[in-house]
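4 is the number of the first residue of the sequence shown in the working numbering; add one for each residue after it.
Backbone N, C-alpha and C fix where the C-beta goes; we use that ideal spot for every residue, glycine too.
Single-structure report; data block below.
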Amino acid sequence: MKIMKSISRVPGGLMVVPLFIGMVINTFFPTMLKIGGFTEALSGIGYPTVLGMYLFVCGTKMTLKTAPSMLKRGFGILSAKVGTAIIIAFAVSRLFNGDLFGLSALAVMAAMSDTNGGMFLALTSVMGSKEDAGTYVPQSIETGPFLTMLFLVGAGLANIPWLTMWSVVAPILMGAILGNLDEDLRKFFGDHEPLIVPFMAFTLGQNINLNSVLSAGIQGIVLGVFVWAVTGFVCILADKKLGGSGIAGAAASSTAGNAAAVPSAVAMADHAYIAIAPIATVQVAASVIVTAVLTPLLTSWMYKKNHKKGPDQAALDASLYCKDVHNVKE
Numbered sequence: 004m005k006i007m008k009s010i011s012r013v014p015g016g017l018m019v020v021p022l023f024i025g026m027v028i029n030t031f032f033p034t035m036l037k038i039g040g041f042t043e044a045l046s047g048i049g050y051p052t053v054l055g056m057y058l059f060v061c062g063t064k065m066t067l068k069t070a071p072s073m074l075k076r077g078f079g080i081l082s083a084k085v086g087t088a089i090i091i092a093f094a095v096s097r098l099f100n101g102d103l104f105g106l107s108a109l110a111v112m113a114a115m116s117d118t119n120g121g122m123f124l125a126l127t128s129v130m131g132s133k134e135d136a137g138t139y140v141p142q143s144i145e146t147g148p149f150l151t152m153l154f155l156v157g158a159g160l161a162n163i164p165w166l167t168m169w170s171v172v173a174p175i176l177m178g179a180i181l182g183n184l185d186e187d188l189r190k191f192f193g194d195h196e197p198l199i200v201p202f203m204a205f206t207l208g209q210n211i212n213l214n215s216v217l218s219a220g221i222q223g224i225v226l227g228v229f230v231w232a233v234t235g236f237v238c239i240l241a242d243k244k245l246g247g248s249g250i251a252g253a254a255a256s257s258t259a260g261n262a263a264a265v266p267s268a269v270a271m272a273d274h275a276y277i278a279i280a281p282i283a284t285v286q287v288a289a290s291v292i293v294t295a296v297l298t299p300l301l302t303s304w305m306y307k308k309n310h311k312k313g314p315d316q317a318a319l320d321a322s323l324y325c326k327d328v329h330n331v332k333e
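Below you can see the structure in the form of structure tokens.
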């Protein structure tokens, strides 16, 4: 059976498929894994441990040995994407009482502020330059729930103790320190990151009941299109203003698969979000899939525009991405 190949055909499959399996088991067979021991440890109660492991591994990928121009453009794209996410999430909270057509400020912030790193690197490697790919180093700061928590606390939308905030960023910081001290450690953890993703997704799904999120479908699709269009525009603009071609900006118009873990992580820190976290999780997961389809098209369009190539060549460039890197790791 070609199970792995089938999963690879799903955008963000390593995250999305185990997430869905976990949700199905939790919805229809809620006591199936609750038999104690190591089996139950791999159910929903194990999510915090696996998430902590994943945050550490993500931290090891944050390197400081990059050219100034990469840092400048990377931080510019990061600021444009996260800044736009903050403004829109704040507007949803303050102007629409936290609910815009079924989308919460939590879902909007999580989906808009985290770029799919695997997709970004794949697209910029095929259609961009080495410098385009290098701009992801500063952007990797987006990974995980810390920025979302920081915004929610700073805007007065959540009550999360600073010690809890520190507990989220500590694994990332420890990973970043070790990754910068030893290149072999960074390579080891970076190469094995995909092993953690399915377990994180499955344990997260074990905390979600499908009955509570059936209405999230259309809103999730709308969220994905919105993320792609808005962050794509601002990131391309920021990239060009800082001397780039716009390709890196276009490649940043996606939602990372690990962003689906953010609502649950926030709810663990502030129980006021427990009720909306399951719906927000599914909406963000839908945004992952939608942007995984649309972002390569936007990047291909920008590449064609820069190189003035015909539609056939642009289609060929996009197909290279789809053929070689369709299994997005995040």
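Would you list the residues sitting across from residue 103 in a DSSP beta bridge?
Counting from one through the sequence shown, the residue named residue 103 turns up at place 100. BP columns for residue 103 point to 106.
I need the boundaries of the alpha helix (DSSP H) containing residue 194, first residue and last residue.
Along the sequence shown, read from residue 1 onward, the residue named residue 194 stands at position 191. 186 to 194 is the span of the alpha helix (DSSP H), which, as asked, contains residue 194.
What residue range is occupied by the uninterrupted alpha helix (DSSP H) comprising residue 10?
Here the question's residue 10 lines up with position 7 in the sequence shown. Bounds of the alpha helix (DSSP H) holding residue 10 are 6 to 11.
How about residue 156 and residue 163: do their beta carbons lie closer than 8 Å?
Indexing the sequence shown from 1 puts residue 156 at position 153. Indexing the sequence shown from 1 puts residue 163 at position 160. Contact: yes.
For a quick check, are the C-beta atoms of residue 77 and residue 138 less than 8 Å apart?
Within the sequence shown, residue 77 is the residue found at index 74, counting from 1. Within the sequence shown, residue 138 is the residue found at index 135, counting from 1. Yes, they are a contact pair.
If you run the structure through DSSP and keep just helix, strand and coil, what is residue 34?
On the sequence shown, residue 34 is found 31 positions in, with the first residue counted as 1. If DSSP states are grouped into helix, strand and coil, residue 34 belongs with coil.
Same chain, Cβ closer than 7 Å to residue 54, five either side skipped, listed in chain order
Numbered from its first residue, the sequence shown carries residue 54 at position 51. Here the set comprises 203, 264 and 268.
DSSP-derived helix/strand/coil call for residue 160
If you number the sequence shown from 1, residue 160 lands on position 157. Here residue 160 sits in coil by DSSP.
Does the stretch 219 to 239 come into contact with the stretch 83 to 98, if we say contact requires no fewer than three beta-carbon pairs (one atom in each stretch) closer than 8 Å?
yes
Leaving aside the five residues before and after residue 158 along the sequence, list all residues of the same chain whose C-beta is less than 6 Å from its C-beta, in chain order.
The residue labelled residue 158 in the question sits at position 155 within the sequence shown. Answer for residue 158: 93, listed in chain order.
C-alpha gap between residue 112 and residue 63, whole angstroms
Looking up residue 112 in the sequence shown gives position 109. Looking up residue 63 in the sequence shown gives position 60. Those two C-alpha atoms are separated by around 24 Å.
Exposure label - residue 232; buried when at least 16 CB within 10 Å
Residue 232 sits at position 229 when you count from the first residue of the sequence shown. Label assigned to residue 232: exposed.
Mind checking whether residue 411 and residue 206 have CB atoms under 8 Å apart?
Any question about residue 411 goes unanswered here, given that the chain covers just 4 to 333.
Spatial neighbours of residue 60 within its chain, please: C-beta separation below 7 Å, excluding the five flanking residues on both sides.
Looking up residue 60 in the sequence shown gives position 57. Excluding residues within five positions, the ones whose Cβ falls inside 7 Å are 178, 192, 196 and 199.
Since residue 208 and residue 25 are thought to touch, with beta carbons under 8 Å apart, how far apart are those beta carbons, to the nearest angstrom?
On the sequence shown, residue 208 is found 205 positions in, with the first residue counted as 1. On the sequence shown, residue 25 is found 22 positions in, with the first residue counted as 1. 2 Å between Cβ atoms; contact.
So, is the C-beta of residue 42 closer than 8 Å to a C-beta in chain D?
Structure shown: chain D not included; a single protein chain is present.
I need the boundaries of the alpha helix (DSSP H) containing residue 148, first residue and last residue.
Taking the first residue of the sequence shown as 1, we reach residue 148 at position 145. In this chain, residue 148 is not harboured by any alpha helix (DSSP H), its DSSP state being neither H nor E.
Roughly how many angstroms separate the alpha carbons of residue 21 and residue 280, rounded to a whole number?
Taking the sequence shown and counting its residues from 1, one reaches residue 21 at position 18. Taking the sequence shown and counting its residues from 1, one reaches residue 280 at position 277. Taking the straight line from one Cα to the other gives about 18 Å.
Would you report the Cα separation of residue 161 and residue 310, rounded to the nearest angstrom?
On the sequence shown, position 158 is the one that residue 161 refers to. On the sequence shown, position 307 is the one that residue 310 refers to. If I take the Cα positions, the gap works out to 46 Å.
Just verifying my parser: in three-state terms, what is the DSSP assignment at residue 312?
Within the sequence shown, numbered from 1, the residue matching residue 312 stands at position 309. For residue 312, the pLDDT reaches just 49, beneath the cut-off of 50, and the residue's location in the model is therefore unreliable, leaving the point undetermined.
DSSP state of residue 22, grouped into three classes?
Here residue 22 refers to the residue found at position 19 when the sequence shown is read from its first residue. Of the three classes helix, strand and coil, the one that applies to residue 22 here is helix, per DSSP.
State the DSSP-derived secondary structure class of residue 259, mapped to helix, strand or coil.
As a working mapping, residue 259 is identified with position 256 in the sequence shown. If DSSP states are grouped into helix, strand and coil, residue 259 belongs with coil.
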